[in-house]
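What follows is one structure encoded as structure tokens, with my remarks underneath.
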Amino acid sequence: MTAFAPIRTAIWSPRGGVSAAVLVLVVACALFAPLIAPYAYDIQNLPGANTEPGAAHWMGTDEFGRDLMSRIIYGARTSLSVAVTAISISVAAGLTLGAMAGYFGGWFDRAVTAVVDLTWSFPEILIALILIAIIGPGLESTMVAISIAYLAQFTRLTRAQIMALKNETYVEATTNLGAGHFHIIFRHLLPNALTPVIVAGMLATGDAIILEATLGFFGLGAQPPTPSWGAMMSSGTAQIFIAPWIIIFPGLAIAITVISINLFGDALIEALDIRNRLRSV
Amino acid sequence: MISFFIKRLLLLIPVFLAVSLVIFMIVHLVPGDPIDNLVQINSSPEQKAALAAKYGLDKPLYQQYTIWLGNALTGDLGDAIILRRPVADLIAQNLPHSLSLGALALLFSTVVGITAGALAAIYKDSWIDRVTMTLILLGSTVPGFWLGLLLIMLFAVQLGWFPVSGARSWDALVLPVLTIGLGGVALVARVTRVAMIETARKDFVMMLHAKGVPPWRIELRHVLRHALLPVVTILSLRIGWILGGAVTVEFVFARPGLGSLLITSLNQRDYPVVQGALLMLAVAVMLGTLLGDIVQAAMDPRVRERIK
């Protein structure tokens with residue numbers, strides 16, 4: 001069995017296949033936005049502002065007459081890059097912290113656990129807002145805020161995996177053969193602990209997209225004219241009576257993306273048979 | 282039970298100190314002189330000096346923290362830079378709105394969530410189950426603020442049943458409560474459903490069936506009762522998330538409240554208000570979690586044992 005076998009199983013399940021197809025489409029939008037988008041995202045056309053969806057503009061235009069569909073396609077870039085970068089950093093940091101804490105124990109473990117438990121009871125949005133208050137609004141701050149807001153989750157999950165693994169006989173054998181701590185952690189423990197953390201990271205990417213959109217909606221994330229799904233809806237609230245599509249379509253983009261991520265994640269959990277390992281946290 | 286309560290309360294003190302320390306540090310970590318982040322625009326040098334003396338800005342950082350914390354605990358959170366009023370007044374004015382919204386949303390999530398979850402479990406694999414599960418998936422993945430905006434479009438703009446925004450009358454609460462509640466309902470219903478299905482497989486339930494107890498009585502009196510424990514656990518863990526939902530939703534509905542206050546002051550970089558609002562929200566989350574733990578301990582003696 002190769003590492004890709006479970007992914008193949010997930011893709012061949014009905015919900016996994018559909019959600020994977022949608023995700024490929026969203027990623028393609030993000031990667032090839034200039035080729036796919038019918039218009040530029042920042043060209044204003046004030047006489048054509050708030051045009052209803054129609055043949056020329058499939059999703060209508062916004063309050064500056066910019067093509068909404070083009071902005072949503074470019075917005076996939078912003079949302080995905082922020083969410084994926086933030087969660088990747090968070091997963092990498094969580095794996096390292098959790099592995100060290102779980103393996104070495106002692107005061108380091110107690111310190112890490114204390115901080116993790118402290119942040120655990122607070123919703124991610126509150127943690128993100130505290131961090132934004134410190135580093136100021138913007139896209140980079142959003143990224144930092146998201147990666148720190150989710151750090152506790154991955155640290156906790158990794159630590160639990162390592163704690164369960166470190167008393168296995170093969171670890172004892174490797175130690176007796178003279179292997180160093182870091183060799184054991186990075187070559188033997190982490191590879192076995194990796195799968196649930198990566199799947200949790202994938203599911204968290206969906207939450208991160210929503211968090212990025214929420215911060216953008218508050219005006220604390222992407223700044224104009226950068227197209228971001230959340231910020232687009234925020235400017236649309238002023239047009240809610242005359243141009244509801246400015247709110248409907250970006251939200252739909254978020255909802256479809258996040259639902260697909262969750263469905264595919266769920267199919268992966270099933271294919272990998274790791275539901276119990278994720279629940280143990 | 283009382284000793285449990287006291288121990289649990291004592292455990293909150295280090296959490297409060299750590300959180301307040303981070304919030305205190307905000308004005309020192311943002312670029313620029315802390316005094317410029319605290320003082321109103323166009324203040325005279327005398328006013329600046331008076332404020333610097335009040336906060337002890339010439340003293341070491343840990344002393345400044347104790348001064349700030351002492352002030353905060355006695356209800357003095359400083360003055361708002363933009364709104365030019367004591368922060369404590371602003372919070373006192375906004376807090377009741379957030380509390381009523383949060384409490385109603387919690388009540389709604391619990392009641393509707395347990396009912397939906399129980400129905401889905403009792404009629405497992407029927408259309409009721411499938412509809413509930415689909416709504417649960419939607420409720421847990423749709424961004425809260427978008428849902429709020431959709432509800433505004435449908436019920437306020439198109440149908441005109443409820444006000445679009447504000448908090449002038451009771452019916453302005455309906456849409457915000459629904460918006461926050463749906464996420465909570467999804468969570469509670471999912472846990473209720475799984476817990477009930479798992480409980481229904483236990484031996485004592487089979488025993489009840491064998492004794493000829495009517496099925497509805499078994500489901501309601503025995504299975505549901507058993508399944509409520511994990512529901513309370515998850516609620517006590519996630520109370521903060523429901524309160525956090527209030528932050529977003531207040532902003533969407535332009536309702537007064539701590540969330541709106543926080544977002545507005547963050548955008549205006551009005552740091553005394555940011556600090557005050559964050560501190561209050563953090564305390565609200567801590568007290569909410571405490572409340573959940575107490576309910577859980579009251580229901581389950583094993584939880585009371587664990588902390589001893």
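In the order they appear, the protein sequences are chains A and B.
Be aware that the first sequence starts at 1, since it is given in my numbering, and climbs by one per residue.
Be aware that the second sequence starts at 282, since it is given in my numbering, and climbs by one per residue.
For glycine and all other residues, C-beta sits at the position ideal for the given N, C-alpha and C.
Keep in mind that this is a model prediction, so the values were computed, not measured.
Measuring only between beta-carbons, confirm whether residue 162/A sits less than 8 Å from chain B. The count along the first sequence starts at 1 and reaches residue 162/A at position 162. No, residue 162/A lies away from the interface with chain B (no Cβ there is under 8 Å from its Cβ).
Could you please give me the residues that DSSP links to residue 61/A through a beta bridge? Here residue 61/A refers to the residue found at position 61 when the first sequence is read from its first residue. According to DSSP, residue 61/A bridges with 67/A.
Any heavy atom of the ligand MG inside 7 Å of the beta-carbon of residue 186/A? This structure lacks the ligand MG, and indeed carries no ligand of any kind.
For residue 581/B, which three-state DSSP category applies? Start at 1 with the first residue of the second sequence, and residue 581/B comes out as number 300. Here residue 581/B sits in coil by DSSP.
According to the neighbour-count rule (16 or more other Cβ atoms, all chains shown, within 10 Å of its Cβ), is residue 566/B buried or exposed? On the second sequence, position 285 is the one that residue 566/B refers to. Buried: at least 16 other Cβ atoms inside 10 Å.
Once DSSP output is grouped into helix, strand and coil, what is the label at residue 42/A? The residue given as residue 42/A occupies position 42 in the first sequence. Correct three-state label for residue 42/A: coil.
If the cut is a Cβ gap below 7 Å, which residues of chain A does residue 525/B touch? Start at 1 with the first residue of the second sequence, and residue 525/B comes out as number 244. The contacting residues are 123, 125 and 126.
Cα separation between residue 309/B and residue 525/B? Within the second sequence, numbered from 1, the residue matching residue 309/B stands at position 28. Within the second sequence, numbered from 1, the residue matching residue 525/B stands at position 244. When rounded, the distance between both Cα atoms is 25 Å.
Return the chain-ordered list of same chain residues with a C-beta closer than 7 Å to the C-beta of residue 332/A, the five sequence neighbours on each side being excluded. Summary: the structure shown does not reach residue 332/A, with chain A confined to residues 1 through 281, and so no result is reported for it.
Range of the contiguous alpha helix (DSSP H) that encloses residue 407/B: For the purposes of this step, residue 407/B is taken as residue 126 along the second sequence, with counting starting at 1. From DSSP, residue 407/B is part of no alpha helix (DSSP H); its letter is neither H nor E.
Quick one: list the residues of chain B neighbouring residue 179/A, beta-carbon separation under 8 Å, in chain order. As a working note, residue 179/A is residue 179 in the first sequence. Here the premise fails: no neighbours, minimum Cβ distance about 37 Å.
Select from 398/B, 424/B, 423/B and 332/B the residue whose C-alpha is nearest the C-alpha of residue 412/B. The residue given as residue 412/B occupies position 131 in the second sequence. Answer by Cα proximity: 398/B.
Please determine if the region 323 to 334 of chain B and the region 510 to 520 of chain B are in contact, where contact requires at least 3 C-beta pairs separated by less than 8 Å. Put simply, the region 323 to 334 of chain B does not touch the region 510 to 520 of chain B. Fewer than three CB pairs are less than 8 Å apart.
Could you round the C-beta distance between residue 59/A and residue 249/A to whole angstroms and report it? I think they count as a contact, below 8 Å. Within the first sequence, the letter at position 59 stands for residue 59/A. Within the first sequence, the letter at position 249 stands for residue 249/A. For residue 59/A against residue 249/A, the beta-carbon gap comes to about 5 Å, under 8 Å, which counts as contact.
Rounded separation between residue 62/A and residue 49/A - CA only: By one-based count along the first sequence, residue 62/A stands at place 62. By one-based count along the first sequence, residue 49/A stands at place 49. About 6 Å.
Are the C-beta atoms of residue 249/A and some chain B residue less than 8 Å apart? Indexing the first sequence from 1 puts residue 249/A at position 249. Not closer than 8 Å to any Cβ of chain B, the Cβ of residue 249/A fails to qualify, so no.
Classification of residue 177/A by the beta-carbon crowding that lies within 10 angstroms, buried from 16 upward: Along the first sequence, read from residue 1 onward, the residue named residue 177/A stands at position 177. So residue 177/A counts as exposed.
Rounded to whole angstroms, what's the CA-CA distance from residue 501/B to residue 386/B? Just pull it up for me. Looking up residue 501/B in the second sequence gives position 220. Looking up residue 386/B in the second sequence gives position 105. Between residue 501/B and residue 386/B, the C-alpha separation is close to 24 Å.
For the alpha helix (DSSP H) that contains residue 507/B, what are its first and last residues? Your numbering for residue 507/B matches position 226 in the second sequence. Element bounds for residue 507/B: 505 to 533.
In the DSSP assignment, what residue or residues form a beta bridge with residue 360/B? Within the second sequence, numbered from 1, the residue matching residue 360/B stands at position 79. According to DSSP, which records beta bridges pairwise, residue 360/B is partnered with 367/B.
Closest Cβ-Cβ distance between residue 244/A and chain B: below 8 Å? For this step, residue 244/A is matched to residue 244 along the first sequence. Judged by the 8 Å Cβ criterion, residue 244/A is in contact with chain B.
Are the Cβ atoms of residue 258/A and residue 201/A separated by less than 8 Å? If you number the first sequence from 1, residue 258/A lands on position 258. If you number the first sequence from 1, residue 201/A lands on position 201. For the pair residue 258/A and residue 201/A, the CB atoms are not nearer than the 8 Å cut-off.
Which of helix, strand or coil does DSSP assign to residue 10/A? Taking the first residue of the first sequence as 1, we reach residue 10/A at position 10. It is helical.
Looking at chain A, which residues of the region 441 to 459 of chain B have a Cβ within less than 7 Å of any of its Cβ atoms? Identification of residues in the region 441 to 459 of chain B having a C-beta nearer than 7 Å to some C-beta of chain A yields an empty set.
In whole angstroms, give me the CA-to-CA distance for residue 77/A and residue 267/A. Reading the first sequence from its first residue, position 77 is the one you call residue 77/A. Reading the first sequence from its first residue, position 267 is the one you call residue 267/A. Residue 77/A and residue 267/A: Cα-Cα distance of roughly 25 Å.
What does the alpha-carbon distance come out to for the pair residue 367/B and residue 360/B? In the second sequence, counting from the first residue as 1, residue 367/B sits at position 86. In the second sequence, counting from the first residue as 1, residue 360/B sits at position 79. Distance between the alpha carbons of residue 367/B and residue 360/B is about 4 Å.
Answer yes or no: do residue 103/A and residue 124/A have a C-beta to C-beta separation smaller than 8 Å? Taking the first residue of the first sequence as 1, we reach residue 103/A at position 103. Taking the first residue of the first sequence as 1, we reach residue 124/A at position 124. Not closer than 8 Å, so no.
Using the C-alpha atoms, what's the distance from residue 568/B back to residue 373/B? Here the question's residue 373/B lines up with position 92 in the second sequence. Here the question's residue 568/B lines up with position 287 in the second sequence. Spanning the two alpha carbons is a distance of roughly 17 Å.
Which residue wins for smallest C-alpha separation from residue 451/B, given the options 536/B, 574/B and 572/B? Locating residue 451/B in the second sequence gives position 170, where the first residue counts as 1. If we check each option's Cα against that of residue 451/B, 536/B comes out closest.
Mind checking the region 52 to 83 of chain A against chain B and listing, in chain order, the residues whose C-beta falls within less than 9 Å of any C-beta there? none
Distance check for residue 578/B and residue 584/B, CA to CA, integer angstroms please. Within the second sequence, numbered from 1, the residue matching residue 584/B stands at position 303. Within the second sequence, numbered from 1, the residue matching residue 578/B stands at position 297. Computed Cα separation, rounded: 5 Å.
Does DSSP put residue 281/A in a helix, in a strand, or in coil? As a first step, residue 281/A is located in the first sequence; it is residue number 281 there, counting from the start. Annotation note: pLDDT 47 at residue 281/A (below 50); position unreliable, coordinate value reported separately. It is coil, neither helix nor strand.
Helix, strand or coil, according to DSSP, for residue 50/A in the structure here? Taking the first sequence and counting its residues from 1, the one referred to as residue 50/A is at position 50. Three-state DSSP puts residue 50/A in coil, outside helix and strand.
Pairwise C-alpha distance: residue 229/A and residue 430/B: Locating residue 430/B in the second sequence gives position 149, where the first residue counts as 1. Locating residue 229/A in the first sequence gives position 229, where the first residue counts as 1. Near 14 Å, if we compare the C-alpha coordinates of residue 229/A and residue 430/B.
Anyone know if the C-beta pair for residue 512/B and residue 472/B falls short of 8 Å? Reading the second sequence from its first residue, position 231 is the one you call residue 512/B. Reading the second sequence from its first residue, position 191 is the one you call residue 472/B. The answer is yes: Cβ separation under 8 Å.
Which residues of chain A have a Cβ atom closer than 8 Å to the Cβ of residue 488/B, listed in chain order? One-based indexing of the second sequence puts residue 488/B at position 207. In chain order: nothing, as chain A lies at least about 28 Å away.
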